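Undergrad: In this note's numbering, the protein residues as written are 622 to 878.
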Amino acid sequence: MNSILQEIIAQKKLEVENLKHQIFDNRRENNVHKSFKSIFCKDELLIIGEIKRKSPSKGVLREFEGPHLLIESYISGGVGGVSILTDEKFFAGTINDLHLVVEHLKNSPIPVLRKDFIIDKLQIDQSNALGANAILLIVSVLKTKTKILLDYAKKLGIEAIVEIHNEDELNYAISIGAEIIGINNRDLNSFKEDINLCLNLISKIPGNIYTVAESAIRSIDDIKKIKAAGFNAVLIGEMLMKANNPSVLIRSMREAI
622 MNSILQEIIA
632 QKKLEVENLK
642 HQIFDNRREN
652 NVHKSFKSIF
662 CKDELLIIGE
672 IKRKSPSKGV
682 LREFEGPHLL
692 IESYISGGVG
702 GVSILTDEKF
712 FAGTINDLHL
722 VVEHLKNSPI
732 PVLRKDFIID
742 KLQIDQSNAL
752 GANAILLIVS
762 VLKTKTKILL
772 DYAKKLGIEA
782 IVEIHNEDEL
792 NYAISIGAEI
802 IGINNRDLNS
812 FKEDINLCLN
822 LISKIPGNIY
832 TVAESAIRSI
842 DDIKKIKAAG
852 FNAVLIGEML
862 MKANNPSVLI
872 RSMREAI
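1. Using DSSP bridges, identify the partner residues of L809.
2. Counting only the same chain and skipping the five closest in sequence on each side, list residues whose C-beta sits under 6 Å from that of L777.
3. Are P688 and V722 close, meaning C-beta to C-beta below 8 Å?
4. In chain order, what residues of the same chain have a beta carbon less than 7 Å from the beta carbon of L743, not counting five sequence neighbours either side?
5. Between the beta-carbon of I816 and the beta-carbon of I838, is there less than 8 Å?
6. On the DSSP letters alone, give me the boundaries of the beta strand (DSSP E) that K863 sits inside.
7. Tell me the DSSP secondary structure of V723 in three-state form.
8. At which residue ranges does the region 687-717 contain complete beta strand (DSSP E) runs of 3 or more residues, listed in the order of the chain?
9. Report the residue from L719, I857, L726 and V762 whose alpha carbon sits nearest the alpha carbon of I841.
10. Tell me the residue span of the alpha helix (DSSP H) that contains T767.
11. Taking A794 as part of the beta strand (DSSP E), name the residues at either end of that continuous run.
12. Flag this pair as yes or no: are the beta carbons of S756 and A781 separated by less than 8 Å?
13. Measure the alpha-carbon distance for G851 versus I878 and round it to whole angstroms.
14. Taking the alpha-carbon positions, what's the G699 to I668 distance?
15. Could you pull out every residue in the same chain whose Cβ sits closer than 7 Å to the Cβ of I630, ignoring the five residues on either side in sequence?
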């Protein structure tokens with residue numbers, strides 16, 4: 622584990638300690654039936670638009686006060702889902718961003734993924750209370766704890782995208798009953814990216830498991846390759862954050878696929 626990732630996990634442990642003093646309500650009723658699995662389609666590639674101000678590897682991607690205008694741009698472009706970074710120290714996101722996005726989409730069928738480094742059940746309780754429809758569980762970070770948190774998320778009725786980066790992690794994700802697997806083309810230890818990673822691994826995933834391609838997606842041609850490979854969804858962050866008009870870019874993506 623590299624130094625930045627170690628710092629992130631150390632920060633998450635501090636945040637979990639603070640969460641121990643909080644009490645979380647159950648998720649709100651209007652979000653219970655929103656689901657990524659329910660909108661995945663065999664013949665269509667779903668675009669999940671991500672909101673991310675910055676990252677340790679790329680620096681500042683986009684500066685904005687709140688996510689409202691971006692969300693409207695994403696919706697008008699035709700995203701099927703939204704991912705929101707909530708890590709504050711390293712990605713400049715906030716829990717309030719998640720709250721605002723959930724509230725903005727409360728009358729929409731579009732589900733919301735909370736993207737963060739989840740290491741404890743309390744973070745899942747928090748995500749659930751704020752109305753997130755799904756969370757991210759990273760196998761390279763959690764190791765065998767992934768199953769514990771996956772089972773807990775299922776118990777609460779919140780979906781989990783189990784993120785993997787190699788074949789061993791993939792086999793583990795399959796063995797613990799992951800229903801949605803995200804293949805991250807970025808190595809979290811080295812930050813090296815290779816889109817061919819997801820293109821090579823998808824053939825090893827059983828057809829009853831939903832698939833999401835993540836990272837290293839730089840062009841519409843990349844998205845065409847991902848669709849041709851058979852993915853259910855593609856998560857787009859950096860491209861949209863750097864776009865002058867995200868709505869136009871999303872429409873161009875959808876027209877191309």
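Glycine included, each C-beta is placed from N, C-alpha and C at the ideal position.
For clarity, every value in this text was computed on a predicted model and none was experimentally measured.
TA: Let me spell this out:
1. Looking at the DSSP output, L809 bridges to nothing.
2. N749
3. yes
4. V637, L640 and K641
5. Pairing I816 with I838 gives a Cβ-Cβ distance under 8 Å.
6. Run containing K863: none in the beta strand (DSSP E); it sits in the alpha helix (DSSP H), E859 to K863.
7. helix
8. Entirely contained in the region 687-717, the beta strand (DSSP E) runs reaching 3 residues are, in chain order, 702-706.
9. I857
10. K766 to L777
11. Note, A794: premise wrong, no beta strand (DSSP E); alpha helix (DSSP H) at E788 to S796.
12. According to the sequence provided, residue 756 is Ile. The question's Ser does not apply to it. Cβ atoms of I756 and A781: closer than 8 Å.
13. 12 Å
14. Computed Cα separation, rounded: 8 Å.
15. F738, I740 and V762
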